[in-house]
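J.: In my numbering, the protein residues as written are -17 to 542.
Positions of the beta carbon are idealized from the N, C-alpha and C atoms, including for glycine.
Model, not experiment: these values are computed from the prediction.
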Amino acid sequence: MRQHRERFLDLAVLVLLALVVAAFFWPLLFAGQWIPRGGGDLVSFLWPLYRFGARSLRAGVVPLWNPHLYSGAPFVADNQSGLFYPINLLTFALFGEPSYSVMEGLTVFHIWLAGANMFFLARGLGLRRPAALFGGIAFALSDLFLTHIGNLNLNATAAWLPLLLLLTHRALNEGRATWAAGAGAVLAIAALAGHGQILLFLALALVIYFLYRLTADWRRGWRYELRTLSLAGLIVAVGVSGAALTLLPSWEMAAHTGRGHLPYDEATRYSLSPRALIGLLSPGFYGRGVEGFWGSWERVEVGYAGVTTLVLAVLGVWPTTSKIRHQRLALGYFFVTLVPLAFALAMGRHTPLYGLLYRYAPTFDQVRAPARLILLADLSLAALAAYGLDHLLRPRRSSETSEVWIGLAALAAGALLLTVGLPQAQAVPPDRVQQASASIIAAAALLALSGLLVWLAGRFRWAACLLPLLLAADNYLVSRRPSGTGSLTRRWSMASTILAASTTRWGWPRTRPTAGRWESGARRSTTCCPSSTSWPAKATCPAASRWFRSIPITLRLTST
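1) Measure the alpha-carbon distance for M(-17) versus L335 and round it to whole angstroms.
2) Start and end of the alpha helix (DSSP H) containing L355?
3) How big is the Cα-Cα spacing for Q406 and A397?
4) Would you identify the three-state DSSP class for A287, choosing helix, strand or coil?
5) Residues in the same chain with beta-carbon distance under 7 Å from L229, minus the five sequence neighbours each way, listed in chain order, please.
6) If we ignore side chains and look at the alpha-carbon of each, how far apart do P18 and R376 end up?
7) Round the Cβ separation of L327 and P344 to the nearest angstrom and send it over; I've been treating them as touching at under 8 Å.
8) Got a sec? Which residues, its chain only, sit under 6 Å from G164 by beta carbon, not counting five neighbours each side?
9) For H243, count neighbouring C-beta atoms within 10 Å of its own C-beta (all shown protein chains included) and say buried if the count is 16 or more, exposed if not.
10) Beta-carbon separation of L294 and L371 under 7 Å?
11) Kindly list the residues whose CB is nearer than 8 Å to the CB of L(-1), restricted to its own chain and excluding five residues on each side of it in sequence; keep chain order.
12) Among R205, F66, N61 and A446, which has the Cα closest to the Cα of A236?
13) Specify the secondary structure class of N133 as computed by DSSP and reduced to three states.
14) Just the C-alpha distance for H92 and G176, rounded to the nearest angstrom, thanks.
15) Measuring only the C-alpha atoms, how far is G403 from V321?
16) In angstroms with no decimal places, state the Cα-to-Cα distance between T250 and G42.
17) Within its chain, find whatever has a CB closer than 7 Å to the CB of R63; leave out the 5 residues flanking it on each side and keep chain order.
18) With DSSP run on the structure shown, which of helix, strand or coil describes Q15?
19) What is the DSSP secondary structure of P265, reduced to helix, strand or coil?
20) Quick check: is the beta carbon of R37 nearer than 7 Å to any beta carbon in chain D?
21) Mapping the DSSP letters down to three states, classify N61 as helix, strand or coil.
22) Would you check if the segment 182 to 189 and the segment 355 to 362 touch, i.e. whether three or more CB-CB distances between them fall below 8 Å?
23) The alpha helix (DSSP H) spanning A424 covers which residue range?
24) Give a single yes or no on whether A287 has its beta carbon closer than 6 Å to a heavy atom of the ligand MN.
25) In three-state terms, what does DSSP make of P344?
26) For L393, which residues of its own chain have a beta-carbon under 6 Å away from its beta-carbon, when the five flanking residues on both sides are left out?
27) For a test of the three-state rule: what should DSSP assign to W47, helix, strand or coil?
28) Do the segment 194 to 208 and the segment 130 to 148 touch if we need at least three Cβ pairs shorter than 8 Å?
29) So, does the segment 72 to 79 touch the segment 104 to 112, judging by three or more C-beta pairs under 8 Å?
30) Alpha carbon to alpha carbon, how far is L126 from G489? Give it in angstroms, no decimals.
Right, here's the structure in full:
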C-alpha cells in the first residue's frame, strides 16, 4: 500500500510539472500563437522531414533516400531525420503525417520530458519531492531548451541526459548489468532522436563521470576499477548497437559533407563570451532574442536557469561537502566538479580547454557552437539546487545556520548587483539603457526574494515550498520580457505560406506525387535521374553511404 501511495505522489508531481510547462506555453496552447518566432528549423527543416518520413513508413517504405530535397539526398543517413526515434514512431502511428500543431506539441512534450527525467534523477538520489520538482523546473526551463525551442531534435536528445546519468550511477553503485543495459538503451534512444552534437555532449558527460568514478574508487581496489570499466563498456556497447541503424550511415556520410573537418576558427564559432556571463543573473542585460540582442559577440545561450537556482545551488554545496560518507551524495560531488568544467568548455575559443577536445577527442572537429555545452552546467546547477532545497526541507539541529548565511549572502549579492550593475547599465547604447537597467533591478529583486525565502525556510518549512513557485515565476517573466520589435504571428498564416511556397528551398513538395508526375516547385530534380518522361531510374549520389548508394528508387519524372 505504501509503495502505491509513493508512486501516486510521484505521478501527482509529474502532473504538476506538466501544469507548470503548460502555463509557460499558454500563448501556444490557448491563444493560438505559434513557436518559434520567425519559424526557424522547426518549420523549414524538421517539419518537412518528419512528414516525408511518416508518409514513407505508413506506405511500408523505409526511406533511405529523399528525392524531394534538392537533387536527392540521403534520408536515413541524415542524423536529424529522427526516423527511428521511438517517440516519433509513436507520433507517426497516431497522427500520420504530423501537422504543425503536432510538431509544436512534440516540442512542449520534450521540455516536460527533460523536467520529468530531472525529477527522476533527483528522486533516485533520495531527494524529497519538492526538491526534485524544483530541479525538474530549473532544468526544463533552462537556457538551452528555451533558446533552441525551434530545434526539436536538439531538445529531444538533451532531454534524456538526466535519466542516462541516473541509470549509469545506479549501475556503477550496485554493480548490476541490468542498470547498465538500461543506461545503454537510454543512450540509444537519445542517439535516435537525431542531433549528433548533443549526443556527443552526452557521451562527454558519461566519459567525465566514468573518470570521476575511477578516481573516487581507486582506494577500493582494482576489482572495483575493473567492474566500473566493464559496466562502462556495456553501456557504450548497448547504446551504439541500439542506434547503429542510423549512427553508422551518418558517420560515413559525415566524411562527405562540409562537416567532415572544420577549421578551429569555424569549430569555435558561437562560443560563450566571458562578458556574457552576467546573463547567469541578468539574462536581459544584453537583450533576449534576435532583435533584442546588442552584444558584440555572436548570440548564444548563457546558461540561465533562474536566480533562485543559483542561490540554492550554493546551499546545495554546503551539505554535499559536509557528508562525504552519505552514498546518495556521491553524484553531488560530480555536479560540483562539472559546473566549472562545463563553463570552461562552453567558452570555446576563450579558454585553451576546448582546443584539447578539438585536437584529441573524436568528432569534436566536426561540430561548432561550443556554447551548447552549457547543457552540462545547467543540469549540474539544477541538481545542486535540488540538493539545496532538500537541505532546507529535512529536519535540522538548532545549531545549523547554513540557510541563515546563504540567505544573508543572497541579500548582500542583490545589493552589490544594484551598486555595481546600475552604473554599468547607464554605459550601454542609449536605446538599451532602460532594458539593461530593468534587467539588473529584476535580478537584484530575485536575489533578495530568494535570500529572504531561504532565511525564512530555516524557521518555517512552508517558505521552502514557495521556492519552486518563485522559480517558475522567474522563468515565465524572463521569457516574456521585450526582446525586440517583432511580434508573434498566428501559426497557420505561416504554415500556409510554407506549404504554398516553392519548396526546393524548404525540402517539401508543393503537391503530392502522382502516378505520372512529380512537381518540385521552381526547379525539378534532374541531376540524379534522366529527364525523359516516365523513365524508371536508380537514384544515386556520390556523397551517399555504400549502405544505400545502389538502392533502386523508382521515380517517374515529367520531361523538362
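T.: Put simply:
1) 52 Å
2) Careful: L355 lies outside any alpha helix (DSSP H) and carries neither H nor E.
3) 15 Å
4) coil
5) A173 and V222
6) 41 Å
7) Rounded, the Cβ-Cβ distance is 16 Å, inconsistent with contact.
8) L149
9) exposed
10) yes
11) W94, G97, A98, F101, L115, G118, I119 and A122
12) N61
13) coil
14) 13 Å
15) 24 Å
16) 42 Å
17) For the sequence presented, residue 63 should be read as Ser rather than Arg. Excluding residues within five positions, the ones whose Cβ falls inside 7 Å are L31, G35, F57 and G176.
18) strand
19) coil
20) Among the chains in the structure shown there is no chain D, since it carries only a single protein chain.
21) coil
22) yes
23) V415 to A439
24) No copy of the ligand MN occurs in the structure displayed, which carries no ligand at all.
25) coil
26) A430 and G433
27) strand
28) no
29) no
30) Unreliable positioning characterises G489 in this predicted model, as indicated by a pLDDT of 34, which lies under 50. A coordinate reading is not provided.
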